[in-house]
Amino acid sequence: MKKSNINFEIELDKDNVPEKINWSATDAGEELTETKSISISLWDHVQKNSMRIDLWTNDMPVDEMKRFYIDCLGGMAQSVLNSTGDEFMAEEMNMLCEKLVKHLEKEMKEQK
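Under the numbering used here, the first residue of the sequence shown is numbered 8, with each subsequent residue one higher.
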């Protein structure tokens with residue numbers, strides 16, 4: 008059986024806030040790659056709920072963080088469609104993404 012590892016290396020400041028986040032994966036060459044944010048969800052099949060880890064560096068811009076979460080939601084919509092075939096749920100999630108993108112665009116125009 009093949010095994011694959013995904014590793015995260017987090018450098019923290021004196022207040023335990025991430026300053027640098029690196030990740031590597033055996034299937035991606037195992038070289039450390041820098042990122043500004045990670046969001047990991049795990050399903051606890053015993054408790055029937057999810058556990059989450061959300062980390063971002065102290066220098067990640069707020070607009071990029073918002074875009075990151077919209078992208079995550081869009082990816083989840085595709086995963087729902089692929090894993091369950093539930094077109095209604097996937098479409099509703101995608102419509103929310105479109106609404107949030109419009110909200111961000113409006114915010115950006117107002118900031119200029």
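C-beta atoms are modelled at their ideal positions from N, C-alpha and C, and glycine is treated no differently.
Classify residue i as helix, strand or coil using the three-state DSSP reduction.
i, result
"Asn14", "strand"
"Glu120", "No statement about residue 120 is possible, as the shown extent of the chain runs from 8 to 119 and does not include it."
Tell me which same chain residues have a C-beta within less than 8 Å of the C-beta of residue i, skipping the five on either side of it?
i, result
"Ser151", "Residue 151 is absent from the structure shown; the chain starts at 8 and stops at 119."
"Gly81", "Met100, Asn101 and Cys104"
Beta-carbon within less than 6 Å of residue i's beta-carbon, same chain only, minus the 5 sequence neighbours each way: which residues are those?
i, result
"Ile47", "Ile60"
"Glu18", "Glu26 and Lys27"
"Glu16", "Asn29"
"Glu41", "Asn29"
"Thr33", "Ser11 and Asn12"
"Met67", "Lys43 and Ser44"
Using CA atoms only, rank isn't needed, just tell me which of the options is closest to residue i.
i, options, result
"Lys27", "Gln54, Leu62, Lys73 and Ser11", "Leu62"
"Arg74", "Met115, Ala32, Asn14 and Lys9", "Met115"
"Glu117", "Asp70, Asn12 and Gly92", "Asp70"
"Lys21", "Phe15, Ala35, Asn65 and Leu107", "Asn65"
"His110", "Ile13, Ile77, Gln54 and Ala32", "Ile77"
"Gly36", "Asn23, Val24 and Asn14", "Asn14"
If I measure Cβ to Cβ from residue i and keep anything under 7 Å in the same chain, skipping five residues before and after, which residues do I get?
i, result
"Glu98", "none"
"Met58", "Leu49 and Asp51"
Would you list the one or two residues that DSSP bridges to residue i?
i, result
"Pro25", "Leu19"
"Ser57", "Trp50"
Could you tell me how far apart the beta carbons of residue i and residue j are, in whole angstroms, since I believe they sit closer than 8 Å?
i, j, result
"Glu38", "Ser44", "The Cβ separation is near 19 Å, so there is no contact."
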